[in-house]
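There are 4 protein chains.
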Amino acid sequence: MAEHEDKGTGLSVGQLTALMEEHFPQLQEGSGRLEIEAAGGGGARVRMHQDVRMLRPGGTVSGPMMFKLADFGVYVAILADRGTAALQAVTTNMTMNFLSRPAPGDLIAQVKLLKIGRRLAVAEVALHVSDAPDLVAHATATYALPPPARTP
Amino acid sequence: MAEHEDKGTGLSVGQLTALMEEHFPQLQEGSGRLEIEAAGGGGARVRMHQDVRMLRPGGTVSGPMMFKLADFGVYVAILADRGTAALQAVTTNMTMNFLSRPAPGDLIAQVKLLKIGRRLAVAEVALHVSDAPDLVAHATATYALPPPARTP
Amino acid sequence: MAEHEDKGTGLSVGQLTALMEEHFPQLQEGSGRLEIEAAGGGGARVRMHQDVRMLRPGGTVSGPMMFKLADFGVYVAILADRGTAALQAVTTNMTMNFLSRPAPGDLIAQVKLLKIGRRLAVAEVALHVSDAPDLVAHATATYALPPPARTP
Amino acid sequence: MAEHEDKGTGLSVGQLTALMEEHFPQLQEGSGRLEIEAAGGGGARVRMHQDVRMLRPGGTVSGPMMFKLADFGVYVAILADRGTAALQAVTTNMTMNFLSRPAPGDLIAQVKLLKIGRRLAVAEVALHVSDAPDLVAHATATYALPPPARTP
């Protein structure tokens, strides 16, 4: 049943933000603050605010921080599509191509769901620095979705 | 020098087709006929015509054929951008996500170059069946580009 | 139940070869003949016999043929582990790194299952030319496994 | 010339550790302490010591931390092979498969160089928790190597 109804959960950005804070409070540690800017319609846009802790000597965001932001963005896009039933979704594959050294600034991840099926979701992610159009990295991610609850 | 001038080689679809036939005649064997539909502007669109030889019992295109079409499309997009200087480019990485079983029909690959630098080119490829908008596969590919010729 | 019993199906190389011929007769077309050399114990070794049809002008195996052999090998390793219950397994991701131009000769794929769970199997594949130890390519592949049959 | 001589730089684990501390002091922030346990012979073994900061509520290491350790390990293996000439090497691709939820404990990455050429290095990485043999993740990474210095 769930499979046919899950286009658009109606979860707002505020509701998704609250869900993330409730279930993953540790996400805001160890990197710049994560913010959901948009979600729904088969995608999401998330931002990592610049933070001295995440800067390399050259002043750029590290690979693990790009991974974190991309992974966060895909999870948010899945939640926006499937609702809280998908909280148990887990990353099974992440492929990242690093394209150019990011300039200092907030990092933005633009997520597009390529597929969201019964068991797997696949998304692509374009990462760029705020106010700079060039891609700094591109990722594709696969999530395993929790089995749908059985109707009694 | 080449790095600053290579946006747009001016090679037409006809010229690219002739180049491929001259250098890779064997590409047209073992699968449906490959056709370049568009190239340039940082991308390409290529088509694999349906052929009984490439059909699985269920009537769909096999994974290796999708790989072949995606690889062909990225190579064409690089040639359109860099010209014949890039004929020696070689695939170093191909990551494919298979999203749905393709229906019978011609297979189309839409290629977008994410980066074309001095040494590496990275592209993403969306594969779908002609007249059906849904993606059947998505790929990212990296090519190593030949070192630029030294000016004497 | 199946999950706890599926280490070792007892399918022999001969039985696996017969299964492949019955279910995928088209696999033997369009490339060098595929042969299962060993299977079981969490892996497999498969061979693609040299064939003029698969040779590029330089005399080497093409990328799509390496893809085909790697994909075949992973499928065989899964069947050896899970038995005929896994015939419906489908490739969801294949990531290939091309390392060196293969010399002429039979191509061998050595497959190792990294994980075989309830829903997903992940394997790595090392490809080399017969009698040459150097890797020509390396792949990781993910297969979605069919849901286990429900006990009535 | 350098290409033929660079098997084995003779850099010891102590020298590699000092190099990392000098050039990447920020690596030790934001995660458990990184330690080089072995390096050379075409590979490396590195450890991320357990740290409360990197634990998720369930007590396990996060994806970005696994990424960080894998990336660190590959870089160390390249340095051990190529010496300080490779300090400018940069990650261009990282593909990670997440296989099982890690138990609490130090995380170990075992790195094997699949290829180290003139321009690219490719490695595979097996991640497991100390004292537990099962893989928690597997990665393949590509680094672009700095062009060799020209002989005058």
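Protein chains in written order, with the working numbering: chain D, 67 to 218; chain Z, 67 to 218; chain H, 67 to 218; chain R, 67 to 218.
Idealized CB from N, CA, C, for every residue including glycine.
Euclidean distance between Cα positions of Ile-182 (chain D) and Thr-83 (chain H): On the first sequence, position 116 is the one that residue 182 (chain D) refers to. On the third sequence, position 17 is the one that residue 83 (chain H) refers to. Their backbone Cα atoms lie some 35 Å apart in a straight line.
Looking at chain R, is there any beta carbon in it that lies within less than 8 Å of the beta carbon of His-194 (chain H)?
Counting from 1 along the third sequence, the entry for residue 194 (chain H) is found at position 128. For His-194 (chain H), the answer is no, since every Cβ of chain R falls outside 8 Å of its Cβ.
Does the distance from the CB of Lys-178 (chain H) to the CB of Pro-130 (chain Z) come in under 8 Å? Your numbering for residue 178 (chain H) matches position 112 in the third sequence. Your numbering for residue 130 (chain Z) matches position 64 in the second sequence. Contact flag unset, no.
message = Short of 7 Å in beta carbon distance, which residues of its chain neighbour Met-114 (chain H), apart from the five on each side in sequence? Order them along the chain.
response = In the third sequence, counting from the first residue as 1, residue 114 (chain H) sits at position 48. Counting only Cβ-Cβ distances below 7 Å, and skipping sequence neighbours, we find Ser-97, Gly-98, Leu-100, Met-131, Leu-135, Asp-172 and Leu-173.
Does any residue of chain Z have a CB that is nearer than 8 Å to the CB of Thr-206 (chain D)? Taking the first sequence and counting its residues from 1, the one referred to as residue 206 (chain D) is at position 140. By this cut-off, Thr-206 (chain D) is an interface position.
Taking its Cβ as the centre, do 16 or more other Cβ atoms sit within 10 Å of Tyr-209 (chain R), making it buried, or is it exposed? On the fourth sequence, residue 209 (chain R) is found 143 positions in, with the first residue counted as 1. With 16 or more other Cβ atoms within 10 Å, it is buried.
For the structure I just gave you, are there three or more beta carbon pairs, one from the region 144-153 of chain H and one from the region 135-148 of chain Z, closer than 8 Å? no
Q: Decide if Gly-139 (chain R) is buried, meaning its Cβ has at least 16 other Cβ atoms within 10 Å, or exposed.
A: In the fourth sequence, counting from the first residue as 1, residue 139 (chain R) sits at position 73. Label assigned to Gly-139 (chain R): buried.
message = Check whether chain R comes within 8 Å of Met-162 (chain D), counting only Cβ atoms and requiring the distance to be less than that.
response = Indexing the first sequence from 1 puts residue 162 (chain D) at position 96. With 8 Å as the cut-off, Met-162 (chain D) counts as an interface residue toward chain R.
inquiry  = Short of 9 Å Cβ to Cβ, which residues in the region 165-181 of chain D face chain Z?
reply    = Leu-165, Ser-166, Leu-180 and Lys-181
Any beta carbon of chain D sitting closer than 8 Å to that of Glu-71 (chain Z)? For the purposes of this step, residue 71 (chain Z) is taken as the residue at position 5 of the second sequence. Confidence at Glu-71 (chain Z) is low in this model, with a pLDDT of 39, below 50, so the placement of that residue should be treated as unreliable; the coordinate-derived value is given next. So no, Glu-71 (chain Z) is outside the interface.
**OP:** Scan the region 83-109 of chain R and note each continuous alpha helix (DSSP H) run of 4 residues or more that stays entirely inside, going in chain order.
**Re:** none
What does Asp-137 (chain R) reach in chain D if we use C-beta pairs closer than 8 Å? Residue numbering aside, residue 137 (chain R) sits at position 71 when the fourth sequence is read from its first letter. Going along chain D in sequence order, the residues near Asp-137 (chain R) (Cβ under 8 Å) are Gly-129 and Pro-130.
(message) Is there a Cβ of chain R sitting closer than 8 Å to that of Gly-149 (chain D), yes or no?
(response) Here residue 149 (chain D) corresponds to residue number 83 of the first sequence, with the count starting at 1. Closer than 8 Å: no.
**Asked** Counting Cβ pairs, one atom from each stretch, are 3 or more of them under 8 Å apart for the region 183-198 of chain Z and the region 191-202 of chain R?
**Response** no
Checklist entry - Would you say Gly-98 (chain D) faces chain R, with C-beta separation under 8 Å as the test? => result As a working mapping, residue 98 (chain D) is identified with position 32 in the first sequence. Not closer than 8 Å to any Cβ of chain R, the Cβ of Gly-98 (chain D) fails to qualify, so no.
**Straight-line Cα distance separating Asp-117 (chain H) from Ala-189 (chain R)** = Translated into positions along the fourth sequence, residue 189 (chain R) becomes position 123. Translated into positions along the third sequence, residue 117 (chain H) becomes position 51. Each residue's Cα considered, the two are about 31 Å apart.
- Compare the C-beta of Leu-186 (chain D) against all C-beta atoms of chain H and say whether one is closer than 8 Å. Against the first sequence, residue 186 (chain D) aligns to sequence position 120. It does: the Cβ of Leu-186 (chain D) has a partner Cβ on chain H nearer than 8 Å.
Assuming Val-17 (chain D) is part of the beta strand (DSSP E), what are its boundary residues? No information on residue 17 (chain D) is available, as it lies outside the stretch 67 to 218 that chain D covers here.
#### Entry: 8 Å Cβ cutoff, Ala-210 (chain R) in contact with chain Z
The residue given as residue 210 (chain R) occupies position 144 in the fourth sequence. So yes, Ala-210 (chain R) belongs to the interface.
For a contact defined as C-beta to C-beta under 8 Å, what are the partners of Leu-201 (chain D) on chain Z? As a position in the first sequence, residue 201 (chain D) is number 135, starting the count at 1. Here the neighbours are Leu-180 and Lys-181.
- Item | CA-to-CA distance, Ser-78 (chain Z) to Gly-59 (chain Z), given in whole angstroms | It is not possible to answer for residue 59 (chain Z), since the shown part of chain Z is limited to 67 through 218.
Report the option in Z:Arg-167, Z:Arg-184, Z:Ala-175 and Z:Asn-163 whose CA atom is closest to the CA atom of Val-142 (chain Z). Numbered from its first residue, the second sequence carries residue 142 (chain Z) at position 76. Checked all of Z:Arg-167, Z:Arg-184, Z:Ala-175 and Z:Asn-163; the closest Cα to Val-142 (chain Z) is Z:Ala-175.
Buried/exposed call for Gly-106 (chain D), threshold 16 Cβ in 10 Å
Within the first sequence, numbered from 1, the residue matching residue 106 (chain D) stands at position 40. So Gly-106 (chain D) ends up on the buried side.
Query raised in the report: In three-state terms, what does DSSP make of Asp-72 (chain Z)?
Result: Against the second sequence, residue 72 (chain Z) aligns to sequence position 6. Only weak support is given to the placement of Asp-72 (chain Z): the predicted model assigns it a pLDDT of 41, under 50, and the value that follows is read from those uncertain coordinates. DSSP places Asp-72 (chain Z) in coil when its eight states are reduced to three.
Next item on the list: Report yes or no: is there a C-beta of chain D within less than 8 Å of the C-beta of Thr-158 (chain H)?
Entry: If you number the third sequence from 1, residue 158 (chain H) lands on position 92. Yes, Thr-158 (chain H) lies at the interface with chain D (some Cβ there is under 8 Å from its Cβ).
| said: Does chain Z have any CB closer than 8 Å to the CB of Glu-190 (chain D)? | reply: Working through the first sequence from its first residue, we reach residue 190 (chain D) at position 124. Closer than 8 Å to some Cβ of chain Z, the Cβ of Glu-190 (chain D) qualifies, so yes.
Cα-Cα separation between Ala-28 (chain R) and Glu-88 (chain R), rounded to whole angstroms
Since the first residue shown for chain R is 67 and the last is 218, residue 28 (chain R) is missing from the structure and cannot be characterised.
| In the structure shown, what three-state DSSP assignment does Leu-193 (chain H) receive? | Taking the first residue of the third sequence as position 1, residue 193 (chain H) is located at position 127. Leu-193 (chain H) falls in the strand class under three-state DSSP.
Exercise for the section: Mind checking which residues open and close the alpha helix (DSSP H) that includes Leu-145 (chain Z)? Expected result: Start at 1 with the first residue of the second sequence, and residue 145 (chain Z) comes out as number 79. That run of the alpha helix (DSSP H) goes 129-148.
Original post:
Between D:Pro-212, D:Arg-184, D:Pro-168 and D:Ala-207, which lies nearest to Ala-198 (chain D) when the distance is taken from Cα to Cα?
Top reply: Against the first sequence, residue 198 (chain D) aligns to sequence position 132. The option with the nearest alpha carbon to Ala-198 (chain D) is D:Pro-168.
Open item on the list: Taking 7 Å as the limit between beta carbons, can you name the residues of its chain near Thr-75 (chain D), skipping five residues before and five after?
Closed with: Counting from 1 along the first sequence, the entry for residue 75 (chain D) is found at position 9. Correct list, in chain order: Ala-146, Asp-147, Arg-148 and Gly-149.
Answer yes or no: do His-204 (chain Z) and Leu-180 (chain Z) have a C-beta to C-beta separation smaller than 8 Å?
On the second sequence, residue 204 (chain Z) is found 138 positions in, with the first residue counted as 1. On the second sequence, residue 180 (chain Z) is found 114 positions in, with the first residue counted as 1. No. Outside cutoff.
Could you check whether Thr-206 (chain D) and Thr-157 (chain Z) sit closer than 8 Å to each other, using their CB atoms as the reference points?
Taking the first residue of the second sequence as 1, we reach residue 157 (chain Z) at position 91. Taking the first residue of the first sequence as 1, we reach residue 206 (chain D) at position 140. Taking 8 Å as the Cβ cut-off, Thr-157 (chain Z) and Thr-206 (chain D) do not qualify as a contacting pair.
field: Endpoints, the beta strand (DSSP E) within which Ala-198 (chain H) is located
entry: Against the third sequence, residue 198 (chain H) aligns to sequence position 132. Unbroken run through Ala-198 (chain H): none, as it is neither H nor E.
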